[in-house]
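Notes follow the structure.
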Amino acid sequence: MRKIGLYISVLLSILNYACTDLMEYSPYEGKVQEGSRSLNQTAIGKLQLQSSKTFKPFTFAIIGDSHTYYDDFIKQISVLNNLDSIDMVIHMGDITLSGIYREFLWYRDIIKPLKYPLITIIGNHDYLSNGEYMYRDMFGPTNFSFTYNNCLLVFFDDITWERNTKDPDFEWLKSTISATATYTHKFVFTHIPPWDEQFSHGNELYYNYLLAKNNVDYSIHGHIHRFYHDKHYADLYGNVNYLACGDSQDHEVVLVKVKENNIDVEVIHF
4 MRKIGLYISV LLSILNYACT DLMEYSPYEG KVQEGSRSLN QTAIGKLQLQ SSKTFKPFTF
64 AIIGDSHTYY DDFIKQISVL NNLDSIDMVI HMGDITLSGI YREFLWYRDI IKPLKYPLIT
124 IIGNHDYLSN GEYMYRDMFG PTNFSFTYNN CLLVFFDDIT WERNTKDPDF EWLKSTISAT
184 ATYTHKFVFT HIPPWDEQFS HGNELYYNYL LAKNNVDYSI HGHIHRFYHD KHYADLYGNV
244 NYLACGDSQD HEVVLVKVKE NNIDVEVIHF
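Sequence positions in the sequence shown follow our numbering and run 4 to 273.
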């Protein structure tokens, strides 16, 4: 009996160790470690240290929809590090496929070697599982903005289906882009372009109305997994430019070169 009791005790110890290890790395974990939190605020802090109160030309790169294309994403980060004169990189969302803990950590590990400040917005896939809580813990709020070289950069959470909500927070967007300060340029970044099926027709019209009324230069997106650059609503809403980047499998990086009187877009293939 003593031997049986000893065997049971050892077996329970092994099971307890195994279960503890499984719980530590549960895919549904909702917290990230110290040093991996509020990454957007950290990047914005670095950018504001080098920002000018008056306009100066600058360049930012956009990438998106890396999902679980990890080999391609690693190559993308390497390409970005080999480029000169970039002020920041903006990831247009869908950093995960299923919104689970491990996917957020894999993303964090891949971006660590990037030498430029990185802003990451939330995508619809990042809302799956408990991804919203992981995103907020790792990156911060889903709606935020900052000024860089006298240009307004607005990051707007326009996800509705995965949030189980009818409308994005248009009041926040309106109050942010209608600020009375005089900016050289205004940019709005969202994961989903307004012509996507997630937008109702009314929301599509209202989004574009807000941008045109408040002289937004560019509306920038991911989600569609292909490069797009056009004045999508030129017949209705004037001069708002629409830009979308492909996914990591497309092997491209999109550069936006901001000058005082114009904005140039360049696609780098690798």
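Where is the CB? At the ideal position from N, CA and C, for every residue including glycine.
Cβ-Cβ distance between residue i and residue j below 7 Å
i    : j    : result
F192 : F147 : no
D75  : T99  : no
G143 : S41  : yes
L131 : G102 : yes
H70  : D97  : yes
G249 : H228 : yes
Y236 : N211 : yes
M141 : S39  : yes
Cross-strand partners of residue i (DSSP beta bridge)
i    : result
K189 : L155
G255 : Looking at the sequence provided, one finds Glu at residue 255 rather than Gly. H272, per the DSSP bridge assignment.
Y136 : BP columns for Y136 are empty, so no partner.
D238 : DSSP lists no partner for D238.
Spatially closest choice to residue i from the options, by CA coordinates
i    : options                : result
P60  : H226, G249, H235, C154 : C154
N265 : D238, S69, H188        : H188
F230 : V256, D87, D220, F273  : V256
F149 : I271, Q44, E269, D112  : Q44
V92  : F107, T62, Y110        : T62
N244 : S251, T57, V268, T185  : V268
Q79  : E263, L258, L239       : L258
S222 : M141, L52, I65, S178   : I65
L52  : N152, E165, E174       : N152
T57  : M137, Y110, E263, S39  : E263
L213 : S181, H226, P196       : S181
H254 : H272, D199, D161       : H272
Span separating the alpha-carbon of residue i from that of residue j
i    : j    : result
I47  : I122 : 8 Å
P116 : T145 : 24 Å
Q201 : T163 : 7 Å
D238 : A215 : 12 Å
V219 : I124 : 19 Å
D170 : Y104 : 27 Å
Y73  : E174 : 36 Å
V261 : K177 : 23 Å
**Secondary structure, beta strand (DSSP E): runs of 3+ residues fully inside the region 55–129** = Within the region 55–129, the complete beta strand (DSSP E) runs of at least 3 residues are 61–66, 91–94, 121–123.
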